[in-house]
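Colleague: Below are the C-alpha cells for one structure; questions will follow.
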Amino acid sequence: MIENGFNRRNFLKVLGWGGATVALSGCGNTSVEDGREFVTSYAETADYIIPSIGTYFNSTCAQCDAGCGIMGRVREGRVLKLEGNPESPINNGKMCGLGQAGVQAHYNPDRIREPLLRNGDRGEAITWEKALELINEKVGSVNPENVAFLTGVVSGHVKALLNNYLDALGSGHHYVYEAVAPSVVRASNKKAYGVEMPRLSMDKAKVIVSFGADFLGAWVSPVHFSQQYARFRKPDNGERGVLVQVESKMTLTGANADRWLAIRPGTEGILALGLINSLAAAGLPVSEDVAAAVGEYTSDRVSKDTGVSAEHIAKLAALLKERSPSLVIAGSAAEGYAHGSQNAAAIALLNQVLGNVGQTVEAPSSVPFPQMAPSTGNSFALQSLSDDMAQDKVKVLFSYGANPVFTAPAFFKLKENLKKVPFKVVFAHYMDETAVEADLVLPLNSAMEDWATLMPEYIAEGAQLNIRQPLMEKMYPGTLGVGDILLAMLKQRRPDEYNDYEDFYSYLRSAMVSNKDALGGADKDDDTFWETALSHGVVKLVGEPVNMTGSMSAAALVVPAPFAEDATYPLHLIPAVSASMRDGRNANEPWLQESPDPLTTIVWDSWVEMHPKTAAKLGIVEGDIVEVASKSGAIKAQAYLFPGIHPDVVSVPLGYGHEAMGRYAKGVGSNAFSILDPVFDNETGELAMHETRVKVTKAGQRVIIVKDEGPAGGSQMGRRIALRIPSNKVNLSEEV
Amino acid sequence: MSITNLLENWSDFRHQHPSEDRPHLEYKWAMSIDLDSCTGCNACSVACYAENNLPVVGKEKFAHGHSHHWMRIERYWDNDGREFADQGAQFLPMLCQHCESAPCETVCPVGATNHTADGLNSQVYNRCVGSRYCNANCPYKVRYFNWYDYPTTDNVWPAPMEQQLNPDVTVRGKGVMEKCTFCVQRLTVAKSDARTEGRLVLDGEVQTACQQVCPTGAITFGNLVDPLAKVGKQWMQQQVDLNKDKQAKDAAEDAVKLRGYRILEELRTYPSVMYLEQLRESAI
Chain A
0 MIENGFNRRN FLKVLGWGGA TVALSGCGNT SVEDGREFVT SYAETADYII
50 PSIGTYFNST CAQCDAGCGI MGRVREGRVL KLEGNPESPI NNGKMCGLGQ
100 AGVQAHYNPD RIREPLLRNG DRGEAITWEK ALELINEKVG SVNPENVAFL
150 TGVVSGHVKA LLNNYLDALG SGHHYVYEAV APSVVRASNK KAYGVEMPRL
200 SMDKAKVIVS FGADFLGAWV SPVHFSQQYA RFRKPDNGER GVLVQVESKM
250 TLTGANADRW LAIRPGTEGI LALGLINSLA AAGLPVSEDV AAAVGEYTSD
300 RVSKDTGVSA EHIAKLAALL KERSPSLVIA GSAAEGYAHG SQNAAAIALL
350 NQVLGNVGQT VEAPSSVPFP QMAPSTGNSF ALQSLSDDMA QDKVKVLFSY
400 GANPVFTAPA FFKLKENLKK VPFKVVFAHY MDETAVEADL VLPLNSAMED
450 WATLMPEYIA EGAQLNIRQP LMEKMYPGTL GVGDILLAML KQRRPDEYND
500 YEDFYSYLRS AMVSNKDALG GADKDDDTFW ETALSHGVVK LVGEPVNMTG
550 SMSAAALVVP APFAEDATYP LHLIPAVSAS MRDGRNANEP WLQESPDPLT
600 TIVWDSWVEM HPKTAAKLGI VEGDIVEVAS KSGAIKAQAY LFPGIHPDVV
650 SVPLGYGHEA MGRYAKGVGS NAFSILDPVF DNETGELAMH ETRVKVTKAG
700 QRVIIVKDEG PAGGSQMGRR IALRIPSNKV NLSEEV
Chain B
0 MSITNLLENW SDFRHQHPSE DRPHLEYKWA MSIDLDSCTG CNACSVACYA
50 ENNLPVVGKE KFAHGHSHHW MRIERYWDND GREFADQGAQ FLPMLCQHCE
100 SAPCETVCPV GATNHTADGL NSQVYNRCVG SRYCNANCPY KVRYFNWYDY
150 PTTDNVWPAP MEQQLNPDVT VRGKGVMEKC TFCVQRLTVA KSDARTEGRL
200 VLDGEVQTAC QQVCPTGAIT FGNLVDPLAK VGKQWMQQQV DLNKDKQAKD
250 AAEDAVKLRG YRILEELRTY PSVMYLEQLR ESAI
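Sequence order for the protein chains is A and B. Okay, so the first sequence: first residue is 0 according to numbering that gives the first Met the number 0, each after it adds one. Okay, so the second sequence: first residue is 0 according to numbering that gives the first Met the number 0, each after it adds one.
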C-alpha cells in the first residue's frame, strides 16, 4: 500500500517524534501536569458503566396503571430499551407494546421543559421558585374548602404526600378520575365477593366465559393475564382451557376465543341468568331463591332477547357443567349500561352457582400500608368536580395524571366549567388539552427520570410495593418529579416536618428505611436494605388473604328487558378501548400510532367499525367517511367493515382525535369521548359508556384506508399460511 | 470465479446448507412460534422497533407500503359464509423466515444478502445497491426498503428521539434493503461471551427482542444444533425436518396430528421458522 520503503513502522516513528516535538516546544507545564485539570480514565468510571456494554436497572412502567416491573437497558448514560423485570410477579419479565413505547414518552420532542405561566394566550416560562411562590400565594388566599386536586390513580409515597398536603390545608378535595376503568365491576365485586378486585386464577380454570373483559388487551393487568392465559391454554396435563367471549364488539380477547358470541348490546345479564337456568335444568344444584330468580329465563326466551342461539346456550351450559372449575368475568361490555351493576351482579351470581368463588375467584392479599394502597378512580369523580366548578366552589384546581378536557364527554361542559376556576395548575408532560387551559403548567419528569413507589391495584402474588427509579439523568433541568413538587408545596405548609428533606428522593429513602422492618429488611442495615430494594425494583410485602365475605341476593336481582328500538338513533355506539391507545394519554408516542390495531390493522387514524350487513343497509363501503351522530354530538371517521361486531352496533376507538398534545397525536382521528350521551349506571352513578345511541350517515367523501392488511382483506386466498385445527386432534401433553 | 467452477459446483452455491453431507457445525439459529399462544397483541412488533432502530414512517408513507415492521402481525378471518368471525381471528407473526435456501440470496447482484455459517439470512447494508430484486423474490414479503433517508426525514427521529437508537444496530440510509436479523447484535455478543469462556452459547442465554417481550411466551428461539435447546426439541417432537420440503408426517393419516408446519414449505425455501397451528375447541 505505502511504497518507497516507507512502511508502517517508520510512519509511526515519525509520528512519535513529531508528537514529542510538539510537547517539548510548549511553554511550561500543561494544565494537566500542574494539576489544574484532570484526565479521568475510563478505568475508573462510575459504578456499572462500561463503555459499549448495556447495564440493566429495574424500575416500574408508567404507561398504564398495571404496575409491571421494567428493566431499562442503560448504555453510556442513556436508556435505550425496556424489558420486563423477571422478579416482578405481575409481569415476570414480559411486557406489552404500550410499555415498550415508554422510552418514547421519555425522549419525546414535545415534552414541556420549564414551568409556564399564562400570559393572555401564551405560556411564559418562569422559574420554579416563582411557580411555587405563586401556588403558595393562591392557595393561601382562598378558603381551603375551595382547593381541589384532580388526579389519576395514585398510590405509594406520592399518595401519602398528597394526602398530607390536603391534610395540611385542613380541607381540600381529592377527585380520583379514570376515564376508562372497571369501576362498576369493582363496586359489584365488592358487593358479591367483599373485595373490589378479587384474584382471578385463569390458569386454574378449565373454561373461561368473559362478558366483554378484554383481559389480553386493555383490561386491568393484561400482561399478567396474558401469561395466565398461556398456562390456561397449555397446562402441563395437556387439557387445553376453553375461552368463550360474549360481547357486541370483538376485542383482542374475543379474537382469541374458541367461540365468540355476538350478543345484543346490554343483554349480558339476561344471558348469565339464562345460563344459570340451563345449568339448573341440567342438574347443577342451585338454591331455591336462585332457581326462582332465573325461572323465567328459559333458553328460548334468552335466545330471543340476546340473539345468542339456543344451541350455543345449551353447548355453553354443558361445557360449564362438565368442566369445573370455570371462571366467569364481567368486563367493560357488561358494565357499560344504565343497568351495568345488574349485569355484573348476574354474572357474579353465575360464578357463585358454578362454585368458582374460592376456586378461581380468590381472595387478594391485604395491604400492610393502607395509606399507600392505590386510590382508584372513576368518572363519577369528574362529574362531581365539574358540578363543583360550575357552582364556583373551586378556586384553585390542581390536575395531575389526567387529561379531563380530552376525555370528558361534551355534555360535561368541562371546558366551560374550568373557565370558572380562577387558578388552574396542571402537572403535565405535554401541552395536552387540559394543560392548554391551565394558568400554570408544571412540567413533570418522565417516568425514566423520576422517583416513586407504587402499589398496583391488581397484584398477582401477596402484596408488593414497586419502586420507580431514574434510569438516566434528567433530559431537561427545568422539569421536576411530582413527588418533588408536592414536597415543596408541603414545605410551605408544614416547614417543621418537611424542611429536613432536601428532595423527594431523601424523603422517600428515609420513609422506606425507617420502615424497613415491615418492608422485609429487618435483618439488613439501612444501606443494604435500600440498595436491595432498588436493585430488585420490587419490595415484596407480607399480607394476609382478606376475607371474601360477599352476599349475593338472587331475589333482589332484576335485569331489565332488552333495549327498545330507537327510530332516530338506531345503532348502539361502543367506544372501543384498544391495547395501545386506551384513553389517549399515550397518543403522542409514534410507535403506538404506527402499530396496527390488531383487529382492523388500521394505523394513524380513527375508524368506524360496522358489520357488512349494516353497511350494506346504509349503502356504505369501506373507506366512506361517515358521520356518527348522537344526541350529544357528532364525529366523522372512515368506515371499516368488520365481521366481529353485532349488526346493531358501531364502534369507534377511543384515544384518537387530540386537538393538542404533540406532533404525533394532534389532528389524528376523531375523539369518540366527545359524543357520549349522559346516561349513568343506576347504582354507582358511573358514566354508562356503552349507552350512547347513534345514527350513521355518509358524509360524501371516500378515502383509501391506511392499514396493514392487503387487498385480500382477511382472506388467505386458499394458501396455507395461518393454520388452525380442532383441539381434539392434538395431544398437547406430548408437546415440548 | 470461473463459469466452469460455478457450473460444476452449482449445488454448493445454490444449495449449501440444507444438505445432509454439510451439517451446521456449532450454531443453526431457528425459531418456533405457537399460534395457539399468540394473541396478536403486537408487543413483539413494537419491541422490534425499539431494538432495531426501525423508522416510524407516518401515515402517508405507510399508505404507500413503506412501513418498516420487520416483525408484523398478519390477521386472517376464516368466517367464510358465516355471519360473524365467531371463532376469532387467526394471528400470524410474520418475520424473515431465514430460509436455508433463500430466494432472495440468489438474485442479489452484489451479494449483499447471503447466508452466514450459523444459518442466518444476513443483509450487508454497505454492500446493498438497492436493486430490490430480493424484495421481489421473497415469498414472505418481509424485506423492507429505505425509500427515504429516514434519519434526516422530519419527525422520524426528531431530537432528542435519536438518543433512543440502539448503538449496536446500524441506522440504515436511503436506498438500502433491510430485514429481520434474528437480533444478530444479541447473537454476536452471546457468541463472543461464550467463546471467551471457551464454550458454546447455552439455551436461553440469548433471546431475540420479540421473544423476550412476548407476554404469552409464544416465541421460542435457539440453536437447532444444540441437543438441549428447546427449539430443537420442539422441531424434533413436531417431526419438522429443516432439510425437507415435504414432511413425512403430513402424508400420514393419523387421528392425532402434530401441529408444527412451515409456511410455503413447498417452495423449497427451507425456512428456519416453524409455526404451531392454532387450536379451536370443537365442543362449543
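Even glycine gets a Cβ: it sits at the ideal position worked out from N, Cα and C. Since this is a predicted model, take the numbers as computed values, not measurements.
Once you ignore the five residues that flank Val-272(B) on each side, which residues in its own chain have a CB closer than 6 angstroms to its CB?
Modeller: As a working note, residue 272(B) is residue 273 in the second sequence. Contacts found: Met-30 and Gln-96.
Colleague: What span of residues does the alpha helix (DSSP H) with Ile-269(A) cover, start to end?
Modeller: Against the first sequence, residue 269(A) aligns to sequence position 270. Start and end: 267-280.
Colleague: Tell me which residues of the segment 472-484 of chain A have at least one Cβ-Cβ distance to chain B shorter than 8 angstroms, keeping chain order.
Modeller: Met-474
Colleague: For chain A, check one thing: does any of its Cβ atoms lie closer than 9 angstroms to the Cβ of Val-45(B)?
Modeller: The residue you call residue 45(B) lines up with position 46 of the second sequence. Chain A contact via Cβ: present.
Colleague: Are the segment 540-551 of chain A and the segment 659-667 of chain A touching, with three or more C-beta to C-beta distances below 8 angstroms?
Modeller: no
Colleague: Among Arg-230(A), Leu-283(A) and Gly-211(A), whose alpha-carbon lies nearest the alpha-carbon of Met-755(A)?
Modeller: There is no way to answer for residue 755(A), as the model of chain A reaches only from 0 to 735.
Colleague: Does the segment 721-729 of chain A come close enough to the segment 641-657 of chain A to have 3 or more Cβ pairs within less than 8 angstroms?
Modeller: no
Colleague: Just checking: is the beta-carbon of Val-56(B) within a distance shorter than 9 angstroms of some beta-carbon in chain A?
Modeller: As a first step, residue 56(B) is located in the second sequence; it is residue number 57 there, counting from the start. Closer than 9 angstroms: yes.
Colleague: Hey, which unbroken runs of the beta strand (DSSP E) at 3 residues or more fall wholly within the segment 90-172 of chain A?
Modeller: 115-118, 121-124 and 146-150
Colleague: Show which residues of chain B have a CB atom less than 8 angstroms away from the CB atom of Arg-74(A).
Modeller: Within the first sequence, the letter at position 75 stands for residue 74(A). Those within 8 angstroms of Arg-74(A) in chain B are Pro-166.
Colleague: Got a sec: is the Cβ-Cβ distance from Cys-213(B) to anything in chain A below 9 angstroms?
Modeller: Here the question's residue 213(B) lines up with position 214 in the second sequence. Interface residue, yes.
Colleague: Per the contact definition of three or more C-beta pairs closer than 8 angstroms, is the segment 473-484 of chain A in contact with the segment 427-444 of chain A?
Modeller: yes
Colleague: Going along chain A in order, which residues have a C-beta closer than 8 angstroms to the C-beta of Gln-233(B)?
Modeller: Numbered from its first residue, the second sequence carries residue 233(B) at position 234. Going along chain A in sequence order, the residues near Gln-233(B) (Cβ under 8 angstroms) are Glu-734 and Val-735.
Colleague: Please determine, among Ala-636(A), Thr-683(A), Thr-696(A) and Glu-690(A), the residue with the shortest C-alpha to C-alpha distance to Ser-669(A).
Modeller: Reading the first sequence from its first residue, position 670 is the one you call residue 669(A). The option with the nearest alpha carbon to Ser-669(A) is Ala-636(A).
Colleague: Helix or strand or just coil, what does DSSP make of Val-678(A)?
Modeller: Here residue 678(A) is taken as the residue at index 679 of the first sequence, counted from 1. Correct three-state label for Val-678(A): coil.
Colleague: Can you say whether Ile-644(A) is buried or exposed, counting buried as having 16 or more other CB atoms within 10 angstroms of its CB?
Modeller: Position 645 of the first sequence, counted from the start, is the residue given in the question as residue 644(A). Ile-644(A) is buried by the Cβ-count criterion.
Colleague: Less than 8 angstroms between C-beta atoms, sequence neighbours within five positions excluded: which residues of the same chain meet that for Asn-125(B)?
Modeller: What you label residue 125(B) is simply residue 126 of the second sequence in a count that begins at 1. So the list is empty, once near-sequence residues are dropped.
Colleague: By Cβ distance, which residues of its chain are closer than 7 angstroms to Ala-282(B), with the 5 residues on each side in sequence left out?
Modeller: Counting from 1 along the second sequence, the entry for residue 282(B) is found at position 283. There are no such residues.
Colleague: Could you check whether Ile-275(A) and Val-360(A) sit closer than 9 angstroms to each other, using their CB atoms as the reference points?
Modeller: Here residue 360(A) corresponds to residue number 361 of the first sequence, with the count starting at 1. Here residue 275(A) corresponds to residue number 276 of the first sequence, with the count starting at 1. No, they are not a contact pair.
Colleague: Starting from Ser-36(B), trace the alpha helix (DSSP H) both ways and give me its first and last residue.
Modeller: Counting from one through the second sequence, the residue named residue 36(B) turns up at place 37. Premise fails: Ser-36(B) is in no alpha helix (DSSP H) and is neither H nor E.
Colleague: Counting only Cβ-Cβ distances shorter than 9 angstroms, please list the residues of the segment 589-604 of chain A near chain B, keeping chain order.
Modeller: Pro-589, Trp-590, Leu-591, Gln-592, Glu-593, Ser-594, Pro-595, Asp-596, Pro-597, Leu-598, Thr-599, Thr-600, Val-602, Trp-603 and Asp-604
Colleague: Quick check on this structure: which residue in Pro-597(A), His-610(A), Val-557(A) and Pro-50(A) has the alpha carbon closest to the alpha carbon of Leu-572(A)?
Modeller: Position 573 of the first sequence, counting from 1, holds the residue named residue 572(A). Out of Pro-597(A), His-610(A), Val-557(A) and Pro-50(A), the CA that lies nearest to the CA of Leu-572(A) is found in His-610(A).
Colleague: Tell me the residue span of the alpha helix (DSSP H) that contains Ala-186(A).
Modeller: In the first sequence, the residue the question calls residue 186(A) occupies position 187. Following the DSSP letters along the chain, one finds Ala-186(A) inside the alpha helix (DSSP H) bounded by residues 182-192.
Colleague: For Glu-177(A), tell me which candidate among Glu-733(A), Val-219(A) and Ser-378(A) has the shortest Cα-Cα distance.
Modeller: Against the first sequence, residue 177(A) aligns to sequence position 178. For the residues Glu-733(A), Val-219(A) and Ser-378(A), the minimum Cα distance to Glu-177(A) belongs to Ser-378(A).
Colleague: Could you tell me which residues DSSP pairs with His-571(A) in its beta bridges?
Modeller: Looking up residue 571(A) in the first sequence gives position 572. Val-648(A) and Arg-692(A).
Colleague: Within the 9 angstroms Cβ cut-off, does Arg-723(A) reach chain B?
Modeller: Locating residue 723(A) in the first sequence gives position 724, where the first residue counts as 1. Yes, contact with chain B.
Colleague: According to DSSP, is Lys-515(A) part of a helix, a strand, or is it coil?
Modeller: Locating residue 515(A) in the first sequence gives position 516, where the first residue counts as 1. The answer is coil: DSSP assigns Lys-515(A) none of H, G, I, E or B.
Colleague: Can a CB atom of chain B be found closer than 9 angstroms to the CB of Ser-726(A)?
Modeller: Mapped onto the first sequence, residue 726(A) falls at position 727. With respect to chain B, the C-beta atom of Ser-726(A) has a partner C-beta closer than 9 angstroms.
Colleague: So what does DSSP say about Trp-76(B), is it helix, strand or coil?
Modeller: On the second sequence, residue 76(B) is found 77 positions in, with the first residue counted as 1. Coil at Trp-76(B), not helix or strand.
Colleague: Quick one: does Met-160(B) have its CB under 9 angstroms from some CB of chain A?
Modeller: In the second sequence, the residue the question calls residue 160(B) occupies position 161. By this cut-off, Met-160(B) is an interface position.
Colleague: In the DSSP assignment, the alpha helix (DSSP H) including Arg-492(A) goes from what residue to what residue?
Modeller: By 1-based counting over the first sequence, the position of residue 492(A) is 493. Counting along the chain, the alpha helix (DSSP H) containing Arg-492(A) begins and ends at 481-492.
Colleague: With 16 as the cutoff for other CB atoms within 10 Å, does Lys-129(A) come out buried or exposed?
Modeller: Here residue 129(A) refers to the residue found at position 130 when the first sequence is read from its first residue. It counts as exposed.
Colleague: Quick check: Gln-163(B) and Val-78(A), are their CB atoms within less than 9 angstroms of each other?
Modeller: For this step, residue 163(B) is matched to residue 164 along the second sequence. For this step, residue 78(A) is matched to residue 79 along the first sequence. Against a cut-off of 9 angstroms, the Cβ pair of Val-78(A) and Gln-163(B) comes out as a contact.
Colleague: Using C-beta distances below 6 angstroms, list every residue in its chain close to Phe-528(A), excluding the 5 sequence neighbours before and after it, in chain order.
Modeller: What you label residue 528(A) is simply residue 529 of the first sequence in a count that begins at 1. Taken in chain order, the residues that qualify are Lys-515 and Gly-520.
Colleague: Just to check my reading of the structure: Tyr-269(B) and Cys-98(B) have Cβ atoms closer than 8 angstroms, yes? What is that Cβ distance to the nearest angstrom?
Modeller: By one-based count along the second sequence, residue 269(B) stands at place 270. By one-based count along the second sequence, residue 98(B) stands at place 99. Confirmed, about 6 angstroms.
Colleague: What in chain B is Cβ-close to Val-435(A), meaning under 8 angstroms?
Modeller: For the purposes of this step, residue 435(A) is taken as the residue at position 436 of the first sequence. Those within 8 angstroms of Val-435(A) in chain B number zero; the least Cβ separation is about 21 angstroms.
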